[in-house]
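Working notes, beginning with the structure itself.
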Amino acid sequence: MKRILYSLTLFFLQAPILWAETGAVTKIDVFPPIPYDQATVYINLGFLWAGIIGLVILLRLKLKELERTQKMDREESAKDAPLLE
Amino acid sequence: MNWFDERYDLSDLKALAKKKYVPVHRHDIWYYTGGVTLFLFIVQFVTGMVLAFYYVPYFEQAHKSIIEIVTKLNMGWFYRSLHHWGAQFAIGFLFIHLFGTLLLKSYRKPREFLWFSGFILLGIAIFFGLSGYFLLWDERAFAAVRVATGGAAALPVLGETIKAFLRGGIDVTGETLIRFYAFHVCVLPMATLALFGVHLFLVQYHGMSVPVSEQGKNLRQVPFFPNVLYKDLIFWLIVLGVVVTFATLLPPEIGNKADPLAPPPENVKPEWYFLFLFQTLKLFPGDILGLNGEVIAVVLVALAILFFFLIPFFDRRSQQDQRSPVFTVIGIAYLLYFVIMTIVGYFS
Chain A
42 MKRILYSLTL FFLQAPILWA ETGAVTKIDV FPPIPYDQAT VYINLGFLWA
92 GIIGLVILLR LKLKELERTQ KMDREESAKD APLLE
Chain B
6 MNWFDERYDL SDLKALAKKK YVPVHRHDIW YYTGGVTLFL FIVQFVTGMV
56 LAFYYVPYFE QAHKSIIEIV TKLNMGWFYR SLHHWGAQFA IGFLFIHLFG
106 TLLLKSYRKP REFLWFSGFI LLGIAIFFGL SGYFLLWDER AFAAVRVATG
156 GAAALPVLGE TIKAFLRGGI DVTGETLIRF YAFHVCVLPM ATLALFGVHL
206 FLVQYHGMSV PVSEQGKNLR QVPFFPNVLY KDLIFWLIVL GVVVTFATLL
256 PPEIGNKADP LAPPPENVKP EWYFLFLFQT LKLFPGDILG LNGEVIAVVL
306 VALAILFFFL IPFFDRRSQQ DQRSPVFTVI GIAYLLYFVI MTIVGYFS
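Here the protein sequences line up with chains A and B, keeping their order.
First residue of the first sequence: 42, per the working numbering; consecutive thereafter.
First residue of the second sequence: 6, per the working numbering; consecutive thereafter.
Next up, the structure:
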């Protein structure tokens with residue numbers, strides 16, 4: 042009897058824990074959990090943005106220069122165009 | 006002359022590229038939305054290939070393999086997050102590109118097939134999203150696919166066949182996972198490549214569409230190579246930065262493994278691009294004049310999408326290069342409905 046009572050007590054103690062475990066959402070780390078790794082990721086993100094901003098500035102400058110030469114070509118060709126009388 | 010030039014004469018192609026000009030006007034920003042979408046699809050192909058090396062498309066291992074990709078693989082969390090956010094942005098830009106095309110009436114003669122190919126590409130992208138979401142094999146994805154494939158059954162005549170074809174059986178099971186994996190990594194990418202090819206060829210063939218309001222003006226033309234290409238690159242770089250930032254700061258969570266026998270989790274919602282449909286279906290009561298409300302809702306939504314798809318044929322004024330304010334209002338109504346229902350669905 043003592044053994045049965047002991048088993049039942051243990052069962053009722055364990056049952057809510059097992060029940061809670063089945064319904065609980067297990068949190069899985071989807072980002073490096075170690076602070077050192079996290080810092081590396083954030084620093085690399087900063088480098089990426091620095092690279093992107095640098096490239097965008099370069100492309101803008103290149104584009105402006107292209108547009109300037111194209112405008113000059115247009116004006117030049119318009120000036121050389123034969124006049125129809 | 007180098008080794009390649011000795012074997013292949015590409016002078017015709019180079020001459021063709023030099024001939025490509027793009028008009029400059031106040032709406033030309035919309036031209037870049039298509040390029041950004043293409044770039045995001047390239048990101049999806051690359052990140053998808055990396056993930057495919059490690060993903061196991063079998064129901065007992067699928068969820069575990071994703072956990073391993075995220076937790077054990079070097080930079081695995083980043084590739085998965087980039088694939089997730091790349092998909093969100095790709096579909097977002099596809100919608101922007103679609104509504105831009107709609108409101109500028111770029112579908113008008115002779116560009117009807119450009120509209121159709123783009124519209125089908127949007128459908129494919131949405132199916133890409135649904136199939137990719139299911140590969141997670143978590144309880145939310147499982148419930149969402151059960152609802153989505155169940156909704157297809159409400160279509161008259163072919164509904165049950167479509168449902169069975171998508172599920173690979175009566176219910177959503179491990180067979181559905183294999184089927185969705187095949188769609189996601191084989192069928193849909195092949196269809197996308199083919200349609201992208203057609204779409205890009207038609208863009209080159211017809212040239213850039215000029216809105217009706219800008220026609221007749223003496224528009225300045227700029228060469229595609231290199232002017233427009235440089236601007237495209239600027240947009241691509243900025244979008245890449247934004248997607249990487251989202252992928253880094255907001256990596257998607259992994260839910261509990263799906264249990265086909267368990268009840269669906271509470272307040273389960275589909276991905277954001279299905280929210281307007283989800284919310285529309287909720288508006289209809291279960292029974293309307295003795296008919297099944299869900300069937301009526303699905304048929305009405307299908308008809309609205311069909312009208313949207315065939316809009317180049319209905320908009321007669323645009324076909325004659327005239328302004329068509331009625332179709333602008335219809336376009337704005339579609340856009341507002343989509344935005345409002347998505348917001349309502351998100352917060353409900």
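Glycine included, each C-beta is placed from N, C-alpha and C at the ideal position.
The structure presented is a predicted model; accordingly, all values stated were derived computationally and were not measured.
Judged by DSSP in its simplified three-state form, residue 116 of chain B adopts coil rather than helix or strand. Just so you know, the alpha carbons of residue 277 of chain B and residue 347 of chain B end up roughly 7 Å apart. At a Cβ-Cβ threshold of 7 Å, residue 273 of chain B and residue 148 of chain B count as neighbours. The region 175 to 182 of chain B makes contact with the region 57 to 69 of chain B, as at least three CB pairs between them are under 8 Å. Contact annotation for residue 82 of chain B against chain A: 70, 71, 72, 73 [CB-CB distance below 9 Å, chain order]. With a threshold of 16 other beta carbon atoms within 10 Å, residue 211 of chain B falls short and is exposed. Residue 136 of chain B and residue 129 of chain B have their C-alpha atoms roughly 10 Å apart. Here residue 28 of chain B is bridged, per DSSP, to B:226.
For residue 298 of chain B, same chain residues with a beta-carbon under 7 Å away, outside a window of 5 residues either side, are 289, 290, 291, 292 in chain order. Look at the region 232 to 250 of chain B: the residues with a C-beta under 9 Å from a C-beta of chain A are 232, 235, 236, 238, 239, 242, 243, 245, 246, 249, 250. Note that the C-beta distance between residue 41 of chain B and residue 240 of chain B is below 7 Å. In the structure shown, the three-state DSSP call for residue 131 of chain B is helix. Note on geometry: alpha-carbon atoms of residue 92 of chain A and residue 246 of chain B lie some 10 Å from one another. Within the region 92 to 109 of chain A, 93, 96, 97, 100, 101, 103, 104, 107, 108 place their CB atoms closer than 8 Å to a CB of chain B, listed in sequence order. If you compare the alpha carbons of B:89, B:34, B:282, B:151 with that of residue 269 of chain B, the shortest gap goes to B:151.
Secondary structure at residue 243 of chain B: helix, using DSSP grouped into helix, strand and coil. Using a C-beta cut-off of 8 Å, the region 78 to 87 of chain B makes no contact with the region 202 to 218 of chain B, since fewer than three inter-stretch Cβ pairs fall below that distance. Residue 100 of chain A has its alpha-carbon roughly 10 Å from the corresponding atom of residue 237 of chain B. Against residue 268 of chain B, chain A offers no close residue; the least beta-carbon distance is about 11 Å (beta-carbon pairs closer than 7 Å). Going by beta carbons, residue 229 of chain B and residue 90 of chain B fall outside the 7 Å limit. For the 7 Å CB-CB criterion, residue 138 of chain B and residue 104 of chain A do not form a contact. Collapsing the DSSP output to three states places residue 77 of chain B in coil. CA-to-CA, the gap between residue 11 of chain B and residue 22 of chain B works out to about 20 Å.
Residue 174 of chain B and residue 85 of chain A have their alpha carbons spaced roughly 47 Å apart. For residue 42 of chain B, the closest Cβ of chain A is not nearer than 7 Å. For the pair residue 18 of chain B and residue 76 of chain A, the Cα-to-Cα distance works out to about 53 Å. As the crow flies, the alpha-carbon of residue 115 of chain B is around 10 Å from that of residue 214 of chain B. The Cβ atoms of residue 204 of chain B and residue 122 of chain B lie closer than 7 Å to each other. Legend: CB atoms of the region 313 to 343 of chain B lying less than 8 Å from CB atoms of chain A are not found in any residue.
In terms of beta-carbon proximity, residue 86 of chain A lines the interface with chain B, with at least one pair separated by less than 7 Å. In the assembly as shown, residue 337 of chain B is an exposed residue. Its beta-carbon has fewer than 16 other beta-carbons within 10 Å. For residue 102 of chain B, same chain residues with a beta-carbon under 6 Å away, outside a window of 5 residues either side, are 38, 39, 42 in chain order. In the DSSP secondary-structure assignment, residue 262 of chain B is bridged to B:143. Taking the C-beta atoms as reference points, residue 29 of chain B is found no nearer than 7 Å to residue 233 of chain B. Beta-bridge partners assigned by DSSP to residue 297 of chain B: B:292.
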